[in-house]
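*Asks:*
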Amino acid sequence: MSRTLIVYYSRKGENYWNGSVRKLERGNTEIVAEMIAGITGGDLFEVETAQDYPADYHECVKVSVEELRSGARPELKRYLDSLDGYDTIFVGYPCWCGTMPMAMFTFLERYDLRGKKILPFCTNEGSGMGRSESDLKRICAGATVEAGLSIHGAEAAGSRGAVEAYVKKHMAE
């Protein structure tokens with residue numbers, strides 16, 4: 001088993017993209033996650049909610065705001081049996097409401113992450129990492145959470161150079 005895992009949540013379909021709503025065939029975070037998997041040879045795992053978010057972007061935003069306010073932990077379609085075989089875990093997500101989608105909280109809170117190296121990466125349209133790094137430090141007790149990589153979502157497909165530099169820097173440590 002690979003010692004590196006890339007776990008991510010991504011939204012395809014209607015997304016905010018360079019100042020307007022646009023339909024994407026593949027989510028921006030998925031694009032970056034696949035780059036990281038290609039560079040590291042790590043295992044890729046997509047976090048998927050049991051109940052789909054609304055297809056309409058604005059309705060999805062409303063649901064994500066309510067989830068954040070209520071501290072919801074949406075049910076997921078599946079989980080990994082264990083993370084024991086992994087030393088390094090890349091955690092990818094779009095920035096929703098200033099942090100990760102609540103589905104990522106659901107996933108991460110299920111596991112003992114002590115001793116793991118957590119490398120966050122986030123796609124966004126200008127909010128950067130938001131407070132996701134501090135949220136990760138809180139919920140990944142005992143793990144080493146490194147500084148994250150923020151990728152402008154509309155530039156995800158062209159971000160390979162930045163992604164490679166981030167991976168090389170943090171995998172060499």
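Numbering (the UniProt record's numbering), first residue to last: 1 to 173. Using N, Cα and C, we set each Cβ at its ideal position, and we do this for glycine too.
Using only the alpha-carbon positions, how far apart do MET102 and ARG11 sit?
*Replies:* MET102 and ARG11: Cα-Cα distance of roughly 13 Å.
*Asks:* Between the stretch 112 to 119 and the stretch 137 to 144, are three or more C-beta pairs nearer than 8 Å?
*Replies:* Contact between the stretch 112 to 119 and the stretch 137 to 144 is present, because at least three Cβ pairs lie under 8 Å.
*Asks:* Label GLU30 either buried or exposed according to how many other C-beta atoms from any shown protein chain fall within 10 Å of its C-beta, with 16 as the threshold for buried.
*Replies:* Buried: at least 16 other Cβ atoms inside 10 Å.
*Asks:* Going straight from the alpha carbon of CYS60 to that of VAL21, what length do you get?
*Replies:* Near 12 Å, if we compare the C-alpha coordinates of VAL21 and CYS60.
*Asks:* Does the separation of the CB atoms of ASP43 and TYR8 fall below 9 Å?
*Replies:* Their beta carbons are not under 9 Å apart, which means ASP43 does not touch TYR8 by this criterion.
*Asks:* Tell me the rounded alpha-carbon separation between GLY38 and LEU5.
*Replies:* So the alpha carbons of these two residues sit roughly 12 Å apart.
*Asks:* In its own chain, which residues sit with a C-beta less than 7 Å from the C-beta of MET1, not counting the 5 before and 5 after it?
*Replies:* Low per-residue confidence applies at MET1: pLDDT is 41, beneath 50, and the placement is therefore not dependable, though the value from the model is reported in the following sentence. So the list reads GLY85, once near-sequence residues are dropped.
*Asks:* Could you give the distance in angstroms between the alpha-carbon of ALA55 and the alpha-carbon of PHE45?
*Replies:* So the alpha carbons of these two residues sit roughly 22 Å apart.
*Asks:* For the alpha helix (DSSP H) containing THR29, list its first residue and its last residue.
*Replies:* Residues 28 to 40.
*Asks:* Nearest-angstrom Cα distance between ILE151 and ARG110?
*Replies:* The alpha-carbon atoms of ILE151 and ARG110 are separated by roughly 27 Å.
*Asks:* Could you tell me the distance, in whole angstroms, from the CA atom of LYS77 to the CA atom of THR49?
*Replies:* Rounded to whole angstroms, LYS77 to THR49 spans 6 Å at the Cα level.
*Asks:* Under the DSSP definition of a beta bridge, which residues are partnered with VAL167?
*Replies:* Paired residues: none, contrary to the question.
*Asks:* Assign ALA157 to buried or exposed, taking buried as 16 or more other Cβ atoms, counted over all protein chains shown, within 10 Å of its Cβ.
*Replies:* Looking at its Cβ environment, which holds fewer than 16 other Cβ atoms inside 10 Å, ALA157 is exposed.
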